[in-house]
Amino acid sequence: MVMEELLPLLPTLVSVARIGSVSQSARVLGVPRSTVSRRLARIESVVGFAIVERSSRKFLLTRSGRRLVDGAVEALARLETVNEQARAEDSDVSGVLKIAIPVGIAGAFGGWFFALLNARLPLVKIELTVTDHRTFRLEEGRDLVLVLGTPQPSQWLRRRVGDTEMLAVASPRYLEHKGNPTTIEALGEHLLLTWSDLGAPSWPRLGGGDFPVQPCFSTNDFAMLRDLATAGIGIGLVPWHLVVTDLAKGTLVRVLPTLVGQLIEIYALYVPERRASPVLKAVLAVVADFTKEQPVLPTSPRA
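With the first letter of the sequence shown counted as 1, position 194 gets the number 1142 in the working numbering; the numbers rise by one all the way through.
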(Lines of atoms letter the chains of each structure in order from A and count residues from 1; the text may use other names and numbers.)
(Lines give C-alpha, C1' and ligand atoms only; values in the text may rest on other atoms or scores of the structure.)
Protein backbone atom coordinates (compact mmCIF):
# COMPACT_ATOMS: atom_id res chain seq x y z
CA MET A 1 0.00 0.00 0.00
CA VAL A 2 2.85 2.38 0.81
CA MET A 3 4.42 1.96 -2.63
CA GLU A 4 1.06 2.44 -4.35
CA GLU A 5 0.71 5.81 -2.62
CA LEU A 6 4.33 6.83 -3.06
CA LEU A 7 4.88 5.95 -6.71
CA PRO A 8 2.92 8.84 -8.30
CA LEU A 9 4.58 11.28 -5.88
CA LEU A 10 8.18 10.26 -6.59
CA PRO A 11 8.70 12.46 -9.71
CA THR A 12 7.77 15.51 -7.63
CA LEU A 13 10.18 14.52 -4.87
CA VAL A 14 13.03 13.99 -7.33
CA SER A 15 12.27 17.26 -9.12
CA VAL A 16 12.38 19.31 -5.92
CA ALA A 17 15.57 17.57 -4.78
CA ARG A 18 17.21 18.27 -8.15
CA ILE A 19 16.19 21.94 -8.34
CA GLY A 20 16.43 22.71 -4.63
CA SER A 21 13.34 24.91 -4.59
CA VAL A 22 9.64 24.18 -4.16
CA SER A 23 8.62 27.27 -6.14
CA GLN A 24 10.93 26.63 -9.07
CA SER A 25 10.01 22.97 -9.13
CA ALA A 26 6.33 23.92 -9.27
CA ARG A 27 7.02 26.06 -12.34
CA VAL A 28 8.91 23.24 -14.04
CA LEU A 29 6.15 20.73 -13.23
CA GLY A 30 3.46 23.18 -14.31
CA VAL A 31 1.50 23.01 -11.04
CA PRO A 32 0.83 25.49 -8.21
CA ARG A 33 3.40 25.75 -5.43
CA SER A 34 0.75 24.60 -2.97
CA THR A 35 0.37 21.34 -4.94
CA VAL A 36 4.08 20.57 -4.62
CA SER A 37 3.98 21.37 -0.90
CA ARG A 38 0.98 19.07 -0.40
CA ARG A 39 2.73 16.25 -2.26
CA LEU A 40 5.82 16.57 -0.08
CA ALA A 41 3.67 16.62 3.05
CA ARG A 42 1.85 13.53 1.80
CA ILE A 43 5.14 11.73 1.22
CA GLU A 44 6.21 12.48 4.79
CA SER A 45 2.86 11.25 6.06
CA VAL A 46 3.18 7.98 4.13
CA VAL A 47 6.80 7.21 5.07
CA GLY A 48 6.47 8.46 8.64
CA PHE A 49 9.59 10.66 8.81
CA ALA A 50 10.70 14.18 7.85
CA ILE A 51 12.34 14.49 4.45
CA VAL A 52 13.17 18.21 4.68
CA GLU A 53 15.07 20.22 7.28
CA ARG A 54 12.43 22.59 8.65
CA SER A 55 14.96 24.83 10.40
CA SER A 56 16.67 25.88 7.16
CA ARG A 57 15.54 28.61 4.77
CA LYS A 58 16.87 26.55 1.89
CA PHE A 59 15.47 23.23 0.72
CA LEU A 60 17.73 20.77 2.51
CA LEU A 61 17.03 17.07 2.70
CA THR A 62 17.33 15.19 5.95
CA ARG A 63 19.56 12.14 5.98
CA SER A 64 16.48 9.93 5.65
CA GLY A 65 15.16 12.23 2.94
CA ARG A 66 18.38 11.83 0.96
CA ARG A 67 18.10 8.04 1.13
CA LEU A 68 14.49 8.29 -0.02
CA VAL A 69 15.44 10.48 -2.97
CA ASP A 70 18.20 8.09 -4.03
CA GLY A 71 15.74 5.20 -3.79
CA ALA A 72 13.17 7.16 -5.79
CA VAL A 73 15.70 7.83 -8.56
CA GLU A 74 16.60 4.14 -8.68
CA ALA A 75 12.94 3.08 -8.79
CA LEU A 76 12.08 5.51 -11.60
CA ALA A 77 15.18 4.45 -13.54
CA ARG A 78 14.14 0.81 -13.27
CA LEU A 79 10.64 1.65 -14.53
CA GLU A 80 12.06 3.59 -17.47
CA THR A 81 14.34 0.68 -18.34
CA VAL A 82 11.45 -1.80 -18.22
CA ASN A 83 9.40 0.52 -20.42
CA GLU A 84 12.20 0.71 -23.00
CA GLN A 85 12.66 -3.05 -22.95
CA ALA A 86 8.96 -3.57 -23.62
CA ARG A 87 9.01 -1.12 -26.55
CA ALA A 88 12.18 -2.64 -27.99
CA GLU A 89 10.51 -6.05 -28.32
CA ASP A 90 8.01 -4.62 -30.80
CA SER A 91 10.07 -2.06 -32.72
CA ASP A 92 13.48 -0.49 -33.27
CA VAL A 93 15.27 1.05 -30.31
CA SER A 94 13.59 4.32 -29.40
CA GLY A 95 13.43 6.67 -26.45
CA VAL A 96 15.12 9.65 -24.85
CA LEU A 97 18.67 9.61 -23.48
CA LYS A 98 19.91 12.44 -21.27
CA ILE A 99 23.67 12.93 -21.72
CA ALA A 100 25.99 15.27 -19.83
CA ILE A 101 29.51 16.27 -20.84
CA PRO A 102 31.99 18.64 -19.17
CA VAL A 103 32.51 22.14 -20.56
CA GLY A 104 34.62 22.30 -23.68
CA ILE A 105 35.48 18.63 -24.29
CA ALA A 106 33.30 17.82 -27.30
CA GLY A 107 35.56 19.59 -29.79
CA ALA A 108 35.83 18.67 -33.44
CA PHE A 109 34.50 15.17 -32.88
CA GLY A 110 31.35 16.24 -31.06
CA GLY A 111 29.38 17.01 -34.21
CA TRP A 112 30.67 13.90 -36.00
CA PHE A 113 29.70 11.68 -33.09
CA PHE A 114 26.15 12.98 -32.77
CA ALA A 115 25.71 12.79 -36.54
CA LEU A 116 26.73 9.11 -36.39
CA LEU A 117 24.43 8.57 -33.43
CA ASN A 118 21.50 10.06 -35.34
CA ALA A 119 22.28 7.93 -38.40
CA ARG A 120 22.50 4.70 -36.37
CA LEU A 121 19.62 5.40 -33.95
CA PRO A 122 17.18 7.77 -35.67
CA LEU A 123 14.40 7.04 -33.15
CA VAL A 124 16.54 7.97 -30.12
CA LYS A 125 16.24 11.58 -28.99
CA ILE A 126 19.24 13.10 -27.24
CA GLU A 127 19.04 15.72 -24.50
CA LEU A 128 22.60 17.03 -24.13
CA THR A 129 23.75 19.16 -21.20
CA VAL A 130 27.16 20.81 -21.08
CA THR A 131 28.15 21.37 -17.46
CA ASP A 132 31.08 22.39 -15.29
CA HIS A 133 30.05 19.92 -12.57
CA ARG A 134 32.71 17.45 -11.46
CA THR A 135 30.26 15.26 -9.58
CA PHE A 136 26.76 14.29 -10.61
CA ARG A 137 23.82 13.64 -8.33
CA LEU A 138 21.41 10.85 -9.11
CA GLU A 139 18.39 13.17 -9.00
CA GLU A 140 19.79 15.20 -11.89
CA GLY A 141 18.35 12.49 -14.08
CA ARG A 142 21.36 11.87 -16.33
CA ASP A 143 21.35 8.56 -18.18
CA LEU A 144 24.92 8.89 -19.41
CA VAL A 145 27.83 11.12 -18.44
CA LEU A 146 31.04 11.30 -20.47
CA VAL A 147 34.13 12.38 -18.50
CA LEU A 148 37.86 12.74 -19.06
CA GLY A 149 40.14 10.85 -16.70
CA THR A 150 39.47 8.05 -14.23
CA PRO A 151 36.36 8.98 -12.24
CA GLN A 152 36.19 8.83 -8.47
CA PRO A 153 34.30 5.90 -6.87
CA SER A 154 30.56 6.66 -6.78
CA GLN A 155 27.09 5.19 -7.20
CA TRP A 156 27.62 5.32 -10.97
CA LEU A 157 28.84 2.40 -13.04
CA ARG A 158 31.68 3.24 -15.38
CA ARG A 159 32.94 1.98 -18.71
CA ARG A 160 36.09 3.03 -20.51
CA VAL A 161 35.06 4.06 -24.02
CA GLY A 162 38.22 5.56 -25.49
CA ASP A 163 41.05 7.99 -24.88
CA THR A 164 42.51 11.29 -25.97
CA GLU A 165 45.93 12.89 -25.53
CA MET A 166 46.74 16.09 -23.68
CA LEU A 167 49.28 18.10 -25.67
CA ALA A 168 50.84 21.55 -25.70
CA VAL A 169 49.95 23.71 -28.70
CA ALA A 170 50.53 27.24 -29.91
CA SER A 171 49.89 29.29 -33.03
CA PRO A 172 52.74 29.68 -35.56
CA ARG A 173 52.43 33.45 -35.12
CA TYR A 174 53.05 33.21 -31.37
CA LEU A 175 56.08 30.95 -31.84
CA GLU A 176 57.52 33.23 -34.50
CA HIS A 177 57.29 36.14 -32.07
CA LYS A 178 58.26 34.39 -28.81
CA GLY A 179 60.42 31.55 -30.12
CA ASN A 180 59.78 27.81 -30.08
CA PRO A 181 60.89 26.27 -26.74
CA THR A 182 63.15 23.23 -27.00
CA THR A 183 63.22 22.25 -23.31
CA ILE A 184 60.69 22.08 -20.50
CA GLU A 185 62.71 24.70 -18.61
CA ALA A 186 62.31 27.09 -21.54
CA LEU A 187 58.53 27.09 -20.97
CA GLY A 188 59.20 29.41 -18.04
CA GLU A 189 59.86 32.18 -20.57
CA HIS A 190 56.48 31.75 -22.23
CA LEU A 191 52.86 32.65 -21.57
CA LEU A 192 51.09 29.44 -20.56
CA LEU A 193 47.37 28.70 -20.78
CA THR A 194 46.18 25.87 -18.59
CA TRP A 195 43.21 24.02 -17.11
CA SER A 196 42.17 25.31 -13.69
CA ASP A 197 42.27 22.64 -11.00
CA LEU A 198 42.75 22.23 -7.28
CA GLY A 199 46.32 22.43 -6.04
CA ALA A 200 49.42 23.81 -7.70
CA PRO A 201 49.20 23.93 -11.52
CA SER A 202 51.33 21.41 -13.37
CA TRP A 203 51.74 19.93 -16.84
CA PRO A 204 52.41 16.26 -17.67
CA ARG A 205 55.72 14.91 -18.88
CA LEU A 206 55.43 12.53 -21.80
CA GLY A 207 56.13 9.09 -20.34
CA GLY A 208 55.06 9.91 -16.78
CA GLY A 209 55.28 12.48 -14.03
CA ASP A 210 54.64 16.20 -14.21
CA PHE A 211 56.31 19.55 -13.66
CA PRO A 212 55.06 22.82 -12.11
CA VAL A 213 54.01 25.73 -14.32
CA GLN A 214 53.14 29.39 -13.75
CA PRO A 215 50.17 30.04 -16.06
CA CYS A 216 49.23 33.49 -17.24
CA PHE A 217 45.65 32.29 -17.72
CA SER A 218 43.66 29.35 -16.37
CA THR A 219 40.07 28.26 -16.91
CA ASN A 220 37.83 25.21 -16.65
CA ASP A 221 36.87 25.55 -20.34
CA PHE A 222 39.16 23.69 -22.74
CA ALA A 223 37.50 25.36 -25.72
CA MET A 224 38.58 28.76 -24.42
CA LEU A 225 42.16 27.53 -24.02
CA ARG A 226 42.11 26.40 -27.65
CA ASP A 227 40.71 29.75 -28.79
CA LEU A 228 43.32 31.71 -26.82
CA ALA A 229 46.13 29.58 -28.23
CA THR A 230 44.76 30.03 -31.76
CA ALA A 231 44.62 33.79 -31.19
CA GLY A 232 48.35 33.79 -30.40
CA ILE A 233 48.04 34.56 -26.68
CA GLY A 234 50.32 31.74 -25.50
CA ILE A 235 50.97 28.00 -25.30
CA GLY A 236 47.96 25.95 -24.19
CA LEU A 237 47.60 22.43 -22.82
CA VAL A 238 44.48 20.91 -24.39
CA PRO A 239 42.98 17.55 -25.40
CA TRP A 240 44.02 16.38 -28.89
CA HIS A 241 40.45 15.77 -30.05
CA LEU A 242 39.65 19.43 -29.36
CA VAL A 243 42.37 20.78 -31.69
CA VAL A 244 42.67 18.06 -34.34
CA THR A 245 41.15 20.32 -37.01
CA ASP A 246 43.40 23.23 -36.06
CA LEU A 247 46.44 20.95 -36.26
CA ALA A 248 45.38 19.76 -39.70
CA LYS A 249 44.91 23.35 -40.92
CA GLY A 250 48.17 24.54 -39.39
CA THR A 251 46.51 27.23 -37.27
CA LEU A 252 48.01 25.42 -34.27
CA VAL A 253 51.18 23.33 -33.97
CA ARG A 254 52.49 21.05 -31.24
CA VAL A 255 55.05 22.35 -28.78
CA LEU A 256 57.64 20.01 -27.23
CA PRO A 257 55.92 16.95 -28.78
CA THR A 258 58.53 14.54 -27.38
CA LEU A 259 58.52 16.01 -23.87
CA VAL A 260 55.02 17.21 -22.94
CA GLY A 261 51.85 15.14 -23.11
CA GLN A 262 49.67 12.54 -21.45
CA LEU A 263 47.11 9.95 -22.53
CA ILE A 264 43.73 10.61 -20.86
CA GLU A 265 41.05 7.93 -20.76
CA ILE A 266 37.43 8.75 -21.56
CA TYR A 267 34.77 7.11 -19.40
CA ALA A 268 31.02 6.73 -19.66
CA LEU A 269 29.14 6.83 -16.35
CA TYR A 270 25.62 5.53 -15.85
CA VAL A 271 23.44 4.41 -12.96
CA PRO A 272 23.15 0.65 -12.32
CA GLU A 273 19.38 0.67 -12.85
CA ARG A 274 19.87 1.81 -16.45
CA ARG A 275 22.47 -0.77 -17.49
CA ALA A 276 19.82 -3.02 -19.07
CA SER A 277 18.28 -0.12 -21.01
CA PRO A 278 18.15 -0.94 -24.76
CA VAL A 279 18.63 2.77 -25.50
CA LEU A 280 21.68 3.09 -23.26
CA LYS A 281 23.25 -0.11 -24.59
CA ALA A 282 22.68 0.97 -28.19
CA VAL A 283 24.23 4.40 -27.57
CA LEU A 284 27.24 2.88 -25.79
CA ALA A 285 27.73 0.60 -28.79
CA VAL A 286 27.83 3.66 -31.04
CA VAL A 287 30.33 5.32 -28.68
CA ALA A 288 32.56 2.24 -28.85
CA ASP A 289 32.39 2.13 -32.65
CA PHE A 290 33.08 5.85 -32.91
CA THR A 291 36.21 5.71 -30.77
CA LYS A 292 37.54 2.92 -33.01
CA GLU A 293 36.57 4.47 -36.34
CA GLN A 294 37.10 8.20 -35.75
CA PRO A 295 39.42 9.70 -38.38
CA VAL A 296 43.09 10.13 -37.48
CA LEU A 297 44.50 13.12 -39.31
CA PRO A 298 48.16 13.23 -40.39
CA THR A 299 49.04 15.88 -37.81
CA SER A 300 47.58 13.97 -34.87
CA PRO A 301 49.93 12.50 -32.24
CA ARG A 302 48.70 9.01 -33.18
CA ALA A 303 49.68 9.14 -36.84
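Ideal placement from N, C-alpha and C gives every residue a C-beta, glycine not left out.
Source: prediction; values computed, not measured.
### Query
What does a CB cutoff of less than 7 Å around residue 1146 pick up in its chain, not counting 5 residues either side in sequence?
On the sequence shown, residue 1146 is found 198 positions in, with the first residue counted as 1. With a pLDDT of only 49 at residue 1146, under 50, the local geometry of the prediction cannot be trusted, and the value read off the model is given with reservation. The answer is none, since no qualifying residue turns up.
### Task
Take the Cβ of residue 1182 as the centre, count every other Cβ of all protein chains shown within 10 Å, and call the residue buried at 16 or more, exposed below.
Numbered from its first residue, the sequence shown carries residue 1182 at position 234. Counting Cβ neighbours within 10 Å, residue 1182 comes out buried, since at least 16 surround it.
### Task
Tell me whether residue 1237 sits in a helix, a strand or coil according to DSSP, three-state version.
Counting from 1 along the sequence shown, the entry for residue 1237 is found at position 289. For residue 1237, the three-state secondary structure derived from DSSP is helix.
### Query
Got a sec, what are the start and stop residues for the alpha helix (DSSP H) residue 1133 sits in?
Here residue 1133 refers to the residue found at position 185 when the sequence shown is read from its first residue. For residue 1133, no alpha helix (DSSP H) segment is defined, and its DSSP state is neither H nor E.
### Message
Judging by CA-CA distance, which residue of 962, 1217, 956, 967 is the nearest neighbour of residue 1099?
### Response
Within the sequence shown, numbered from 1, the residue matching residue 1099 stands at position 151. Nearest C-alpha to residue 1099: 1217.
### residue 1253 versus residue 986: straight-line alpha-carbon distance, rounded
Lying outside 949 to 1251, the shown extent of the chain, residue 1253 is not represented and no answer is given.
### Query
Helix, strand or coil: which one does DSSP assign to residue 988?
Counted from its first residue, the sequence shown places residue 988 at position 40. Note: residue 988 maps to helix in three-state DSSP.
### Query
Alpha carbon to alpha carbon, what distance is there between residue 1211 and residue 1111?
Taking the sequence shown and counting its residues from 1, the one referred to as residue 1111 is at position 163. Taking the sequence shown and counting its residues from 1, the one referred to as residue 1211 is at position 263. Computed Cα separation, rounded: 7 Å.
### Query
What's the C-alpha gap between residue 1243 and residue 1016?
Within the sequence shown, the letter at position 295 stands for residue 1243. Within the sequence shown, the letter at position 68 stands for residue 1016. Bear in mind that the predicted position of residue 1243 carries a pLDDT of just 49, short of 50, making it unreliable; the figure below should be weighed with that in mind. Residue 1243 and residue 1016: Cα-Cα distance of roughly 46 Å.
### Residues near residue 1045 in its chain [Cβ-Cβ closer than 8 Å; skip 5 each side]
For the purposes of this step, residue 1045 is taken as the residue at position 97 of the sequence shown. Counting only Cβ-Cβ distances below 8 Å, and skipping sequence neighbours, we find 1072, 1073, 1074, 1075, 1091, 1092, 1227, 1228, 1231.
### Message
At the level of alpha carbons, what is the spacing between residue 1022 and residue 968?
### Response
The count along the sequence shown starts at 1 and reaches residue 1022 at position 74. The count along the sequence shown starts at 1 and reaches residue 968 at position 20. Distance from the CA atom of residue 1022 to the CA atom of residue 968, rounded to whole angstroms, is 19 Å.
### From 1236, 1113, 1164, residue whose alpha carbon lies closest to that of residue 1190
Position 242 of the sequence shown holds residue 1190. Each of 1236, 1113, 1164 was checked against the Cα of residue 1190, and the nearest Cα belongs to 1113.
### Message
Quick check on this structure: which residue in 992, 977, 1002, 1122 has the alpha carbon closest to the alpha carbon of residue 953?
### Response
Walking along the sequence shown from the start, residue 953 turns up at place 5. Looking only at 992, 977, 1002, 1122, the smallest Cα-Cα distance to residue 953 is reached by 992.
### Task
Give, in chain order, every unbroken run of the beta strand (DSSP E) that is at least 3 residues long and sits entirely within the stretch 1136–1187.
Counting whole runs of 3 or more residues, the stretch 1136–1187 contains the beta strand (DSSP E) stretches 1140–1143, 1150–1152, 1158–1160, 1165–1167, 1183–1187.
### Query
Taking Cβ positions, are residue 1152 and residue 1142 nearer each other than 7 Å?
As a working note, residue 1152 is residue 204 in the sequence shown. As a working note, residue 1142 is residue 194 in the sequence shown. The Cβ-Cβ distance between residue 1152 and residue 1142 does not fall below 7 Å.
### Message
Classify residue 975: buried if its beta carbon has 16 or more other beta carbons within 10 angstroms, exposed otherwise.
### Response
Within the sequence shown, residue 975 is the residue found at index 27, counting from 1. Counting Cβ neighbours within 10 Å, residue 975 comes out exposed, since fewer than 16 surround it.
### Task
Could you pull out every residue in the same chain whose Cβ sits closer than 7 Å to the Cβ of residue 1213, ignoring the five residues on either side in sequence?
Locating residue 1213 in the sequence shown gives position 265, where the first residue counts as 1. Cβ neighbours of residue 1213 beyond the five flanking positions: 1097, 1098, 1108, 1111.
### Query
Hey, out of 1095, 965, 1175, 1058, whose CA is closest to residue 1013's CA?
One-based indexing of the sequence shown puts residue 1013 at position 65. Comparing Cα-Cα distances from residue 1013 to each of 1095, 965, 1175, 1058, the minimum goes to 965.
### Message
Per DSSP, what are the beta-bridge partners of residue 1215 in this structure?
### Response
Residue mapping note: residue 1215 aligns to position 267 of the sequence shown, counting from 1. Answer is 1095, 1108, bridged to residue 1215.
### Query
Relative to the C-alpha of residue 1137, which residue among 1156, 1161, 1155 is closest?
As a first step, residue 1137 is located in the sequence shown; it is residue number 189 there, counting from the start. The option with the nearest alpha carbon to residue 1137 is 1161.
### Message
When you compare the CB positions of residue 1154 and residue 1209, do they come within less than 7 Å of one another, or not?
### Response
Taking the first residue of the sequence shown as 1, we reach residue 1154 at position 206. Taking the first residue of the sequence shown as 1, we reach residue 1209 at position 261. Contact flag set, yes.
### Query
Just to confirm, are residue 1051 and residue 1194 a CB contact at a threshold of 7 Å?
Locating residue 1051 in the sequence shown gives position 103, counting from the first residue. Locating residue 1194 in the sequence shown gives position 246, counting from the first residue. No, the pair does not count as a contact, with Cβ atoms beyond the cut-off.
#### Entry: N- and C-terminal bounds of the alpha helix (DSSP H) containing residue 1120
The sequence position of residue 1120 within the sequence shown is 172, counting from 1. Here the alpha helix (DSSP H) through residue 1120 covers 1120–1126.
### Query
Which of the three DSSP states, helix, strand or coil, is assigned to residue 1010?
If you number the sequence shown from 1, residue 1010 lands on position 62. Shown here, residue 1010 sits in coil according to DSSP, grouped into three states, outside any helix or strand.
### Message
Short of 7 Å in beta carbon distance, which residues of its chain neighbour residue 1238, apart from the five on each side in sequence? Order them along the chain.
### Response
For the purposes of this step, residue 1238 is taken as residue 290 along the sequence shown, with counting starting at 1. The answer, listed in chain order, is 1061, 1064.
### Message
To the nearest angstrom, how far is the alpha carbon of residue 1201 from that of residue 1167?
### Response
Along the sequence shown, read from residue 1 onward, the residue named residue 1201 stands at position 253. Along the sequence shown, read from residue 1 onward, the residue named residue 1167 stands at position 219. Using only the alpha carbons, I get a separation of about 21 Å.
### Query
In or out: residue 988 buried (at least 16 other Cβ within 10 Å) or exposed?
Walking along the sequence shown from the start, residue 988 turns up at place 40. Classification of residue 988: buried, given that the 10 Å Cβ count is 16 or more.
### Query
Going by the beta-carbon positions, is the gap between residue 961 and residue 1020 smaller than 7 Å?
The residue given as residue 961 occupies position 13 in the sequence shown. The residue given as residue 1020 occupies position 72 in the sequence shown. Contact flag set, yes.
### Message
What residue range does the beta strand (DSSP E) around residue 1047 cover?
### Response
Here residue 1047 refers to the residue found at position 99 of the sequence shown. Taken as a continuous stretch (DSSP letters only), the beta strand (DSSP E) holding residue 1047 covers 1043–1050.
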